[in-house]
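Enquirer: Before I ask anything, let me first share the structure, which is written out below as C-alpha cells.
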Amino acid sequence: MPELPEVEVVRRGLSTAVRGRTITRVDVLHDRPVRRHLAGPADFAAQLTGRRFAEPRRRGKYLWLPFEDGDALLAHLGMSGQFRSDEATLPDPPNTRIRFVFADGGPELRFVDQRMFGGLSLSPDGAELPAEVAHIARDPFDPEFDLDQTVARLRRKRSGVKRALLDQELISGIGNIYADEALWRSRLHYAKPADRLTRKAAVGVIMEATAVMREALGEGGTSFDSLYVNVNGSSGYFERALAVYGREGLPCLRCGRPIKREPFMNRSSFRCPRCQPAPRMIIRAS
DNA sequence: CTCATGACCTGTGCGC
DNA sequence: TGCGCACAGGTCATGA
9 MPELPEVEVV
19 RRGLSTAVRG
29 RTITRVDVLH
39 DRPVRRHLAG
49 PADFAAQLTG
59 RRFAEPRRRG
69 KYLWLPFEDG
79 DALLAHLGMS
89 GQFRSDEATL
99 PDPPNTRIRF
109 VFADGGPELR
119 FVDQRMFGGL
129 SLSPDGAELP
139 AEVAHIARDP
149 FDPEFDLDQT
159 VARLRRKRSG
169 VKRALLDQEL
179 ISGIGNIYAD
189 EALWRSRLHY
199 AKPADRLTRK
209 AAVGVIMEAT
219 AVMREALGEG
229 GTSFDSLYVN
239 VNGSSGYFER
249 ALAVYGREGL
259 PCLRCGRPIK
269 REPFMNRSSF
279 RCPRCQPAPR
289 MIIRAS
C-alpha cells in the first residue's frame, strides 16, 4: 500500500498515537526489520528504551520519529509494512515484527510487515533530516519542492518517463500506482523518453502526479480513525478513484478501449492503448 | 556519471 | 485437495 499518501496517513496516525509518549520496552520479534540498525537488535531495543517521541516527519515514502532528546526512529514501510496502535490486551496482528510498550500503559505500537522489505533503525542525530534520507529528493507536498528544477532534471533523463517518475532521487513519493495514474491523466506512454517531453508535458505529468496523490490523501483522511491501513488495497479510494491501475480489460474512462497490462521494470504497468499509444521509435544521433 | 537489472521476503490466488 | 507459478503498492547493490 504505501506510496506518499498512505505514508502520510500513517505519519498523521503516529502523531496521534505516540507523540509525547515514553517507551518502556521494545520487543524485537524478528531480526530482519532491524537489519539496517547495524549495532543489532539488542542495541536497537536498548537505545529506544526510555525515549519520548516528538512529532513524526516524512519525506517521500520515508518516515522518521524524532525523540524529544535527539536522534530519531527511522522507518520505511517497504511493500507491506504497517504501524498498528492496539490495546496491550489485544493479541499481536499476524506478522508483527517489532512491539513498543509505553510507560503510560496505553496502546502498544506494533510494526507489522509480511514481506519485510521495510524496516526500522535508530538514526543518530536524525531529527532534522536523517543521513539515510539525505539522498531522497523532496516530494511535491514539501513547501520547498522546486517544480522548475524538477522539470529541468526530468527532461534531462535518458529513460522512459515512468522510470523517471519512480526515481526517488528526482522526485520522491510516487510509486507504481500513482505513476500509472499520472501517465494516464497526461496521456503519456510509460516508455516515452523523458528527454523528449516538452516543458509543458513535463510540468503536466508532475502536476497530475501531485494532484492524484492529493486526492488520494483526502480519501485516506476521511476514512482514517485508527492506524490500520489495509494492505490489500480494499479501501474506498481504490475502488472509486483509480482510472487505470488494476483495471486490466476494463474500459478506459475517457475512450472506452480496454485497459492493457504490460510488464515494465519487473512490475505491471497499466495504460489505455488509445489514449497512451507507444511512442514512435527514435533513432538518436550518435 | 547514468541507466537497467536482479535480489531481497512472505503470502495469496489461480489454473491444472 | 494439492502443487506450482504468477503476482503484490519498494529499495538497493551491482553491473554495463
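So that you can map any letter, position 100 of the first sequence is 108 in this note's numbering, and since no number is skipped, the others follow by simple counting. Glycine included, C-beta positions come from ideal geometry on N, C-alpha and C. Small disclaimer: the values here were computed from a predicted structure and weren't measured.
My assumption, with CB atoms under 8 Å, is that R195 sits in contact with R163. Please give the rounded CB distance.
Expert: With 8 Å as the limit, R195 and R163 do not qualify as a contact, their Cβ atoms being about 18 Å apart.
Enquirer: Taking the alpha carbon of F7 as the point to measure from, which residue in G68, A190 and G168 has its own alpha carbon closest?
Expert: In the structure displayed, the chain extends from 9 to 294; residue 7 sits before or after that span and is not available.
Enquirer: Could you check the C-alpha separation between E152 and P99 for me, to the nearest Å?
Expert: Going from the Cα of E152 to the Cα of P99 covers about 42 Å.
Enquirer: Using C-beta distances below 8 Å, list every residue in its chain close to A172, excluding the 5 sequence neighbours before and after it, in chain order.
Expert: Here the set comprises L162, K165, L178 and A202.
Enquirer: Would D121 pass as a contact of R146 if the rule is Cβ separation under 7 Å?
Expert: Not a contact, by the Cβ cut-off of 7 Å.
Enquirer: Touching or not, the segment 135-146 and the segment 87-96, by the rule of three or more beta carbon pairs under 8 Å?
Expert: Segments in contact, no.
Enquirer: Can you find the residues in the same chain that come closer than 8 Å, C-beta to C-beta, to E116, ignoring five residues on each side of it along the sequence?
Expert: The answer, listed in chain order, is S93, D94, E95, A96, R107, F108, V109 and F110.
Enquirer: In chain order, what residues of the same chain have a beta carbon less than 8 Å from the beta carbon of P285, not counting five sequence neighbours either side?
Expert: Within the same chain, P285 has close Cβ partners H197.
Enquirer: Roughly how many angstroms separate the alpha carbons of I185 and R33, rounded to a whole number?
Expert: Distance between the alpha carbons of I185 and R33: 37 Å.
Enquirer: State buried or exposed for E14, treating a residue as buried only when at least 16 other CB atoms are found within 10 Å of its CB.
Expert: Buried, by the Cβ-count rule.
Enquirer: Taking L82 as part of the beta strand (DSSP E), name the residues at either end of that continuous run.
Expert: A80 to H84 is the span of the beta strand (DSSP E), which, as asked, contains L82.
Enquirer: Within 10 angstroms of its Cβ, does M221 collect 16 or more other Cβ (buried), or is it exposed?
Expert: Per the 10 Å Cβ criterion, buried.
Enquirer: Does the beta-carbon of G229 have 16 or more other beta-carbons within 10 angstroms, so that it is buried, or is it exposed?
Expert: With a pLDDT of 38 at G229, under the threshold of 50, the modelled position of this residue cannot be trusted; read the value that follows with caution. When all chains shown are included, G229 counts as exposed.
Enquirer: Which residue spans inside the segment 111-135 form an unbroken beta strand (DSSP E) run of at least 3?
Expert: Counting only runs of 3 or more, we get 116-121 and 127-131.
Enquirer: How about S131 and A80: are their beta carbons less than 7 Å apart?
Expert: The answer is yes: Cβ separation under 7 Å.
Enquirer: Ignoring anything shorter than 4 residues or poking outside the segment 150-184, list the alpha helix (DSSP H) runs there in chain order.
Expert: If we require 4 residues or more, the alpha helix (DSSP H) runs fully inside the segment 150-184 come out as 155-162 and 169-173.
Enquirer: Roughly how many angstroms lie between the CA atoms of G68 and A25, to the nearest whole one?
Expert: Those two C-alpha atoms are separated by around 21 Å.
Enquirer: Identify, in the order they occur along the chain, each residue of the same chain with its Cβ nearer than 6 Å to the Cβ of L261, setting aside the five sequence neighbours on each side.
Expert: A251, listed in sequence order.
Enquirer: Can you name the start and end residues of the alpha helix (DSSP H) that G226 belongs to?
Expert: Counting along the chain, the alpha helix (DSSP H) containing G226 begins and ends at R207 to T230.
Enquirer: Can you give the Cα-Cα distance for E256 and G127, rounded to whole angstroms?
Expert: Taking the straight line joining both Cα atoms gives about 32 Å.
Enquirer: Determine the closest residue to L155 out of G183, T218, L205 and A187, with distance taken between C-alpha atoms.
Expert: For L155, the nearest C-alpha among the options comes from T218.
Enquirer: Judging by CA-CA distance, which residue of R59, R20, S129 and G86 is the nearest neighbour of D112?
Expert: Of the candidates R59, R20, S129 and G86, the one whose C-alpha sits nearest the C-alpha of D112 is R59.
Enquirer: Does the beta carbon of I214 fall short of 6 Å from some heavy atom of the ligand FAD?
Expert: Because no ligand of any kind appears in the structure shown, any question about the ligand FAD cannot be addressed here.
Enquirer: Taking the straight line between their C-alpha atoms, what separation do you get for V211 and A190?
Expert: Distance between the alpha carbons of V211 and A190 is about 11 Å.
Enquirer: Could you tell me the alpha carbon to alpha carbon distance between R269 and Q55, rounded to whole angstroms?
Expert: So the two alpha carbons sit approximately 46 Å from each other.
Enquirer: If C263 and W192 are in contact, beta carbons under 8 Å, what's the gap, nearest whole angstrom?
Expert: With a Cβ gap of about 11 Å, C263 and W192 do not count as contacting.
Enquirer: Exposed or buried, R65, counting other C-beta atoms within 10 Å across all chains shown (16 or more means buried)?
Expert: When all chains shown are included, R65 counts as buried.
Enquirer: According to DSSP, simplified to helix, strand and coil, what is T32?
Expert: T32: strand per DSSP, three-state reduction.
Enquirer: Provide the residue(s) that pair with F52 in DSSP beta bridges, ordered along the chain.
Expert: DSSP lists no partner for F52.
Enquirer: What number of angstroms, rounded off, separates the C-alpha of G78 from the C-alpha of I267?
Expert: Answer to the nearest angstrom: the Cα atoms are 50 Å apart.
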